[in-house]
Amino acid sequence: MTSPPSSAPGPLAGRTVVVTRPREQAAPLAERIRAAGGQALIYPLLEILPADPQAVRDRVPDLARAYCAFFVSPNAVQHSLPLILAQGPWPATLLPAAVGGGTAAALARFGLERVVAPRERFDSEGLLALPEFGPERVAGKEVLIFRGDGGRELVAQTLTERGARVSYVTCYHRRSPQDGAAPLLAAWGAGSLDALVLSSSEALTNLWSLLDPAGRARLAATPVFVVHPRIAQVARDLGLVRVEVTGPGDEGLFAGLCAYNW
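In full-length UniProt numbering, the protein residues as written are 1 to 262.
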């Protein structure tokens, strides 16, 4: 889906930017691109599907005695917290935690405003550096991680090494696009694709798997804006040469797009 460009001039006037976030999360950045004069082509590289809700309901009794519930993404919040709160209020002693501002904001929309999250480095390493997750705080305590199927294991491994009892709750599934890369190839062929924004390494590898050699060559020559050096390294390992690392979240991606020397 392509949003129409704004009639007002702006720093993205005449530019078409592919927004690859899951469809449920793509609209805010697309609107900002449009307000800056550009077009936004929404092309999710991850589809989010709900997991069995009973898997979440079964863990609700554990929350009352747990130290922390860690949500890996806004999707984890959306696919678990309504099920949790349907069975009662959030336990007063349970610490909610998140890696980034988007996830913390998602928790706040459900009334959880005292969320532990990094303020500088928005990744697992940043979270683990917080005093709330030091060995003296987590040893012997239970931590639940709400996530999709798979993902980085660093938080669970590190907290386990620090003496915590860690378990996962799978509340959603991810899958790659099912309809191929035809919209992107058409835009490249028409000369109307100026940049892509990527917020995960998985999204990038999904795109790479969809493209034939000609499509991969087009991607390698297209500016891509990413939110973390880890994603940038994956991009460079694949042969992409125009990789821009921005600040975190939609705010960082939008600022990077507007500051780019087109």
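Idealized CB from N, CA, C, for every residue including glycine. It should be emphasised that the depicted structure is a prediction, and the values quoted were computed from it without experimental measurement.
The beta carbon of Pro74 is closer than 7 Å to those of Gln25, Gly102, Thr103, Ala106 in its chain, skipping five residues each way along the sequence. For Val197, DSSP records a beta bridge to Val19, Phe225. Sequence-distant partners of Leu253 (beyond 5 residues in either direction) whose C-beta falls short of 7 Å from its own C-beta, in its chain, are Leu29, Val197, Phe225, Val227, Thr246. Ranked by how close their Cα comes to the Cα of Ala76, the residues Ala55, Arg65, Pro89, Leu12 have Ala55 in first place. As a beta-bridge residue in DSSP terms, His173 pairs with Leu49. As a beta-bridge residue in DSSP terms, Glu244 pairs with Phe225. DSSP places Gly14 in the coil class of the three-state scheme, outside both helix and strand. Rounded to the nearest angstrom, the gap between the Cα atoms of Leu81 and Asp212 is 40 Å. For the set Phe70, Arg15, Asn206, Phe110, the Cα lying nearest the Cα of Val99 is the one of Phe70. Our two residues, Ala13 and Gly189, have alpha carbons roughly 20 Å apart in a direct line. Using a Cβ-Cβ distance cut-off of 8 Å, the segment 127–142 and the segment 164–172 are in contact, since at least three pairs of beta carbons, one from each stretch, lie closer than that value. Looking at the DSSP output, Phe133 shares a beta bridge with no other residue.
Note on geometry: alpha-carbon atoms of Phe146 and Pro177 lie some 23 Å from one another. Taking C-beta atoms as the reference points, Pro96 and Val115 count as a pair closer than 8 Å. Asn261 has its alpha-carbon roughly 42 Å from the corresponding atom of Ala51. DSSP, reduced to helix, strand and coil, places Gly111 outside both helices and strands of the structure shown, so it counts as coil. Around the CB of Gln78, 16 or more other CB atoms lie within 10 Å, so the residue is classed as buried.
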